[in-house]
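Residue numbers (our numbering): 75 to 494.
Here is the structure we will look at.
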Ligand SMILES: [Zn+2]
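Written as structure tokens, this is what we have:
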């Protein structure tokens with residue numbers, strides 16, 4: 075018994091193989107098959123079977139429709155024709171099935187399968203709203219650059235089972251949010267082939283951003299672990315270097331570091347971690363609910379146009395810069411000419427990159443703007459990666475000014491540079 079393993083596909087059939095071994099070892103007196111095409115579906119396989127039987131001294135093969143004697147020419151003739159017919163039949167059936175799958179896909183109809191897609195009912199068309207809402211929130215978190223492991227933790231805490239009863243893993247969640255199906259696309263063999271008949275859970279533009287972010291994470295070898303909520307977001311008020319977090323005797327600090335491991339700090343600034351984190355968090359949450367935030371969000375629909383335009387400019391300028399380098403390399407222009415032409419180009423490219431980064435950060439606000447109050451209530455329960463993602467959506471960086479004589483953290487020492 076080799077269930078679900080068609081004799082036609084050529085995939086290994088373990089029990090068939092075992093039967094061949096038994097025949098060869100002389101442990102078999104007769105082979106009984108419902109029909110010849112259940113035994114083999116490829117002529118070459120049938121020939122091998124016959125040869126093996128003859129070597130083992132087995133010459134009778136019985137099916138419900140016919141008894142075949144291998145020793146008899148007529149018997150073999152019939153058997154060979156049956157084998158050829160079976161092969162042809164299988165090929166035709168495979169083609170028919172393939173064509174109907176293709177047609178179904180092109181009409182945007184769902185495919186079959188034992189397990190329903192997350193976010194949809196078993197008909198694969200009706201949206202299962204509580205799950206759809208989870209998908210939307212996951213997408214917002216993903217676009218806000220929250221780490222996958224943090225998203226998984228959050229997912230597990232939601233107490234929603236996976237569709238096959240397994241545990242939530244990063245790969246499960248990544249598959250859900252990078253599947254074009256959730257944007258209402260019908261996919262066949264990894265390609266989008268049609269607009270699906272089922273409703274989308276997220277719009278197509280958002281889905282494109284998910285794909286872009288997914289590609290970016292793959293390309294940059296995304297390392298999510300941030301050990302402190304403000305890592306990378308504080309700068310020294312004396313020298314401008316990034317502050318590092320350190321801890322000494324239970325007390326966490328952010329400080330400007332001098333020395334080989336930490337680059338070019340002056341070592342002149344130290345501040346207690348907890349009060350700065352508290353102050354900045356409070357300011358971020360407050361800002362999320364400020365009217366200015368809604369204004370910032372309201373400007374978003376045109377971002378796509380702007381994004382495309384900036385991308386095009388960036389490509390054009392980069393290409394121009396490469397041309398210049400080639401001109402210099404081939405001796406068409408002097409080194410001085412090359413440098414003179416290159417400088418304004420690089421300034422423009424840097425400017426475009428800055429604008430693109432600003433655009434990306436406004437995307438990070440999806441699902442956050444207006445949520446300051448709600449986030450404040452759950453803040454302590456959020457993990458560091460999530461906290462950090464929320465803060466950096468709003469805060470570009472904060473500069474820590476030198477300490478006045480008082481030892482207390484004075485909010486005047488914190489000068490924030492907001493993204494929005
Ligand atoms: Zn410094």
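Glycine included, C-beta positions come from ideal geometry on N, C-alpha and C.
Beta-carbon proximity list for residue i, same chain, < 8 Å, skipping 5 on both sides
| i | result |
| --- | --- |
| residue 355 | 303, 453, 461 and 465 |
| residue 127 | 97, 105, 133, 135 and 144 |
| residue 248 | 222 and 288 |
| residue 209 | 192, 193, 250, 251, 256, 275 and 276 |
| residue 200 | 194 and 272 |
| residue 492 | 361, 468, 469 and 470 |
| residue 412 | 398, 399, 401 and 402 |
| residue 253 | 191 and 261 |
| residue 395 | 416, 419, 420 and 423 |
| residue 476 | 311, 312, 342, 343 and 487 |
Span of the beta strand (DSSP E) around residue i
| i | result |
| --- | --- |
| residue 329 | 325 to 330 |
| residue 142 | 141 to 143 |
| residue 114 | Here residue 114 belongs to no beta strand (DSSP E), and DSSP marks it neither H nor E. |
| residue 346 | 344 to 346 |
According to DSSP, residues forming a beta bridge with residue i
| i | result |
| --- | --- |
| residue 318 | 329 |
| residue 492 | 469 |
| residue 106 | 136 |
| residue 338 | 332 |
Proximity test, residue i beta-carbon vs ligand 1 heavy atom, cut-off 7 Å
| i | result |
| --- | --- |
| residue 315 | yes |
| residue 343 | yes |
| residue 339 | yes |
| residue 278 | no |
| residue 292 | no |
| residue 312 | yes |
Unbroken alpha helix (DSSP H) run spanning residue i, endpoints
| i | result |
| --- | --- |
| residue 133 | Premise fails: residue 133 is in no alpha helix (DSSP H) and is neither H nor E. |
| residue 31 | Residue 31 falls outside the range modelled here, since the chain spans only 75 to 494, and no answer is possible. |
| residue 148 | 147 to 180 |
| residue 213 | 203 to 217 |
| residue 98 | 88 to 98 |
Own chain partners of residue i with C-beta closer than 6 Å, once the 5 adjacent residues on each side are dropped
| i | result |
| --- | --- |
| residue 426 | 384, 387 and 388 |
| residue 332 | 339 and 341 |
| residue 423 | 391 |
| residue 375 | A caution first: residue 375 carries a pLDDT of 49, below 50, which makes its placement in the model too unreliable to give a value. |
| residue 269 | 182 |
| residue 297 | Its pLDDT being 48, under 50, residue 297 is placed unreliably in this model, and the value from its coordinates should be taken loosely. Correct list: empty, nothing qualifies. |
| residue 206 | 193 and 275 |
| residue 266 | 254 and 259 |
Nonlocal neighbours in the same chain, by C-beta distance under 7 Å from residue i, ignoring five residues either side
| i | result |
| --- | --- |
| residue 216 | 225, 251, 284 and 287 |
| residue 306 | 316 |
| residue 184 | 198, 199 and 272 |
| residue 300 | Confidence at residue 300 is low in this model, with a pLDDT of 46, below 50, so its placement is unreliable and the value that follows should be read with caution. Closer than 7 Å at the Cβ level, and outside the excluded window around residue 300, lie 458, 459 and 462. |
| residue 359 | 446, 449 and 450 |
| residue 220 | 459, 460 and 463 |
| residue 508 | One cannot answer for residue 508 here, as it falls past the ends of the chain, which runs 75 to 494. |
Completely contained alpha helix (DSSP H) runs for the segment 227 to 309, where each covers 4 or more residues: Listed in chain order, they are 244 to 251 and 278 to 294.
Segments of 3+ residues assigned as beta strand (DSSP E) that fall wholly inside the segment 425 to 460: Segments of the beta strand (DSSP E) lying fully in the segment 425 to 460: there are none.
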